[in-house]
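> For reference, the structure I am asking about is given below.
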Amino acid sequence: EVVMTQSPATLSVSPGDRATLSCRASQSISSYLAWYQQKPGQAPSLVMYDVSTRATGIPDRFSGSGSGTEFTLTISSLQSEDSAVYYCQHYSFWPGTFGQGTKVEIK
Amino acid sequence: EVQLVESGGASVQPGGSLRLACVGSGFRFDNYAMYWVRQGPGKGLEWVSGIGWKSAGIAYADSVKGRFTISRDNAENSLYLQMNDLRVEDTALYYCVKAIWGRSGWVDHWGQGTLVTVSS
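Residue numbers (this note's numbering), protein chains in the order written: chain A, 31 to 137; chain B, 774 to 893.
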């Protein structure tokens, strides 16, 4: 299994500031990476796929980058509604493991 | 509108068995891979098992291999997870999810989950 490691565990950011979330794979997963957002009491929802393609309805303040083993999700100007836990997941082959999540808090 | 509705969650003792079910609607069920993803209380997401569109490809997380069995009935638009020899660490909300492709891919739709509690 590929181990996905996210950092930091918690990120506290002021409104309007940039939030940078990292995800590292234990082996190369090419560009087969997705990001999900989960708010309390809700099922996760897709934010990004193929590293840098925004899902339907995701604002352009969200961007993704990386390839191989190192990936980043950036929220350029954090809004209050972005407060959530974000998970990365690879889908290069099964099992499509998830990272342990990064909690984004509003400072 | 895509809908995924899980059922079958319950409270069971360690060593017990459960069968989860999921019915999909609003999409061509037999065209897509389907997964089970779980989330323990206060924990992150864990990919449990996946099955390809024609059941040709099946995989499991190491944590459930040999104990869980995934299957699907495309005629009934249904996905199943047979869970045997349940352990306390299997306690979680189990999500039925739809993949973007027939054999793999990211998740584009999630159910609301069914709760499995394993406790003595």
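All C-beta atoms in this analysis are idealised placements derived from N, C-alpha and C, irrespective of residue type, glycine included.
Return the residue from the list B/Leu791, B/Val775, B/Glu779 and B/Lys871 that minimises the CA-CA distance to B/Leu860.
One-based indexing of the second sequence puts residue 860 of chain B at position 87. Checking the displayed sequence, the identity of residue 860 of chain B turns out to be Arg instead of Leu. Ranking B/Leu791, B/Val775, B/Glu779 and B/Lys871 by Cα distance to B/Arg860 puts B/Leu791 first.
> Could you tell me the distance, in whole angstroms, from the CA atom of B/Tyr867 to the CA atom of B/Trp874?
The sequence position of residue 867 of chain B within the second sequence is 94, counting from 1. The sequence position of residue 874 of chain B within the second sequence is 101, counting from 1. Approximately 21 Å, taken between the alpha carbons.
> Thinking just about the alpha-carbon of each residue, which of A/Gln72, A/Tyr62 and A/Pro74 is nearest to the one in A/Ser95?
The residue given as residue 95 of chain A occupies position 65 in the first sequence. Of the listed residues, the one whose Cα sits closest to A/Ser95 is A/Tyr62.
> Over what stretch of residues does the beta strand (DSSP E) that includes A/Lys137 continue unbroken?
Your numbering for residue 137 of chain A matches position 107 in the first sequence. Premise fails: A/Lys137 is in no beta strand (DSSP E) and is neither H nor E.
> Taking beta-carbon pairs under 9 Å, can you tell me which members of the segment 111–136 of chain A lie near chain B?
Residues passing the 9 Å Cβ filter: Val115, Tyr117, Gln119, Tyr121, Ser122, Phe123, Trp124, Pro125, Gly126, Thr127, Phe128, Gly129, Gln130 and Gly131.
> According to DSSP, is A/Ser110 part of a helix, a strand, or is it coil?
Here residue 110 of chain A refers to the residue found at position 80 when the first sequence is read from its first residue. Here A/Ser110 sits in helix by DSSP.
> Grab me the residues of B/Ile831's own chain with a C-beta within less than 8 Å of its C-beta, minus the 5 sequence neighbours each way, in chain order.
Your numbering for residue 831 of chain B matches position 58 in the second sequence. Correct list, in chain order: Ser822, Gly823, Ile824, Gly825 and Ile843.
> Could you tell me how far apart the beta carbons of A/Pro165 and A/Ile136 are, in whole angstroms, since I believe they sit closer than 8 Å?
Look at the range of chain A in this structure, 31 to 137, and you will see that residue 165 of chain A is not part of it.
> Would you kindly report the start and end of the unbroken beta strand (DSSP E) that includes B/Arg721?
Not covered by the structure: residue 721 of chain B. The range shown for chain B is 774 to 893.
> Thinking just about the alpha-carbon of each residue, which of B/Gln776, B/Trp879, B/Val810 and B/Pro814 is nearest to the one in B/Phe802?
Indexing the second sequence from 1 puts residue 802 of chain B at position 29. Minimum Cα distance to B/Phe802 is reached at B/Gln776.
> Does B/Glu779 get closer than 8 Å to chain A when you measure Cβ to Cβ?
On the second sequence, residue 779 of chain B is found 6 positions in, with the first residue counted as 1. Taking Cβ atoms only, chain A never reaches closer than 8 Å to B/Glu779, which makes this a no.
> For A/Thr35, write down the residues that DSSP places opposite it in a beta bridge.
For the purposes of this step, residue 35 of chain A is taken as residue 5 along the first sequence, with counting starting at 1. According to DSSP, which records beta bridges pairwise, A/Thr35 is partnered with A/Arg54.
> Suppose only complete runs of 3+ residues qualify. What are the beta strand (DSSP E) ranges in the segment 776–801 of chain B, listed by chain order?
Whole beta strand (DSSP E) segments, 3+ residues: 776–780 and 791–798.
> Buried or exposed: which applies to B/Lys871, given that a residue is buried once 16 or more other Cβ atoms fall within 10 Å of its Cβ?
Taking the first residue of the second sequence as position 1, residue 871 of chain B is located at position 98. Counting Cβ neighbours within 10 Å, B/Lys871 comes out buried, since at least 16 surround it.
> What residues of chain A sit near B/Gln885, judged by a beta carbon separation below 7 Å?
As a working mapping, residue 885 of chain B is identified with position 112 in the second sequence. Per Cβ cutoff of 7 Å: Ala73.
> Is there a Cβ of chain B sitting closer than 8 Å to that of A/Leu103, yes or no?
The residue you call residue 103 of chain A lines up with position 73 of the first sequence. Not one chain B Cβ lies under 8 Å of A/Leu103.
> Restricting to Cα atoms, I'd like to know which of B/Gln855, B/Gly813 and B/Ala794 is closest to B/Gly839.
Residue 839 of chain B sits at position 66 when you count from the first residue of the second sequence. Minimum Cα distance to B/Gly839 is reached at B/Gln855.
> Leaving out five residues on either side along the sequence, give the residues of the same chain with a beta carbon under 7 Å from the beta carbon of A/Asp112.
Your numbering for residue 112 of chain A matches position 82 in the first sequence. Cβ neighbours of A/Asp112 beyond the five flanking positions: Ile105 and Val134.
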